[in-house]
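Enquirer: The structure under discussion is supplied below as structure tokens; questions concerning it will follow.
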Amino acid sequence: MVNLSFVSSKMKTIVGIISIILCILVFFLTPSYIEFYLIIPFAIFAIFLIIPNDTLQNNRIIGAVLVIFAIFVIYTSINGVLNPYDVATNLYVNGYFSSLPTTSEISACATGYGIVLAYAIINILFGILFFIPTTGETY
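For what it's worth, UniProt numbering labels the leading residue of the sequence shown as 1, then goes sequentially.
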């Protein structure tokens, strides 16, 4: 059995604040056509991570939903990283781009989805914290 006594409410609060800061950074670092619904819900889950376990009734369900949502975001981001030309071309067809996407726009698309992919993988680790019981340390 692994000793997880180092996981406290204080640590979960710090991790939640770090996740919110990362969410804001990812939101502003990615191009504007990266869907915001892939990024913003992670901030909501981070707020649940800040709230102590005593006040949340079903924190394991919240963690499971976070992990499932992160897997969905990972799947979508992998598609955006591997097929940036298709994504950028769809943006042209829908009228977001005024001309066919250039190499730099395709590269920005792939990089943006790569950033979202990394953030989703980090959030799977944050979701695991919902399953770990905390020690009695609170503020």
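Glycine is no exception: its CB is placed at the ideal position from the N, C-alpha and C atoms.
Note that the structure is predicted; figures quoted are calculated from it, not measured.
1) Alpha helix (DSSP H) containing ASN123: first to last residue?
2) Go ahead and pull the three-state DSSP assignment for TYR37.
3) Count the other CB atoms, across all protein chains shown, that sit within 10 Å of the CB of ILE128; report buried if there are 16 or more and exposed otherwise.
4) Hey, how far is the Cα of ILE61 from the Cα of PHE97?
5) Do you know offhand how far ALA70's Cα is from LEU100's?
6) Whole-angstrom Cβ separation of TYR113 and VAL81, contact assumed at under 8 Å?
7) Just how far apart, CA to CA, sit GLU105 and VAL87?
8) Where does SER19 fall in DSSP's three states?
9) To the nearest angstrom, report how far apart TYR139 and PHE72 are at their CA atoms.
10) Look at the alpha carbon of ILE51 and the alpha carbon of CYS23, and state the distance between them as a whole number of angstroms.
11) Between ALA120 and PRO84, what straight-line distance do the alpha-carbon atoms span, to the nearest angstrom?
Expert: Checking against the coordinates, here is how it stands:
1) 103-128
2) helix
3) exposed
4) 40 Å
5) 31 Å
6) 5 Å
7) 10 Å
8) helix
9) Note that TYR139 has pLDDT 49, beneath the 50 cutoff, so the model's placement of it is unreliable and no number is given.
10) 18 Å
11) 18 Å
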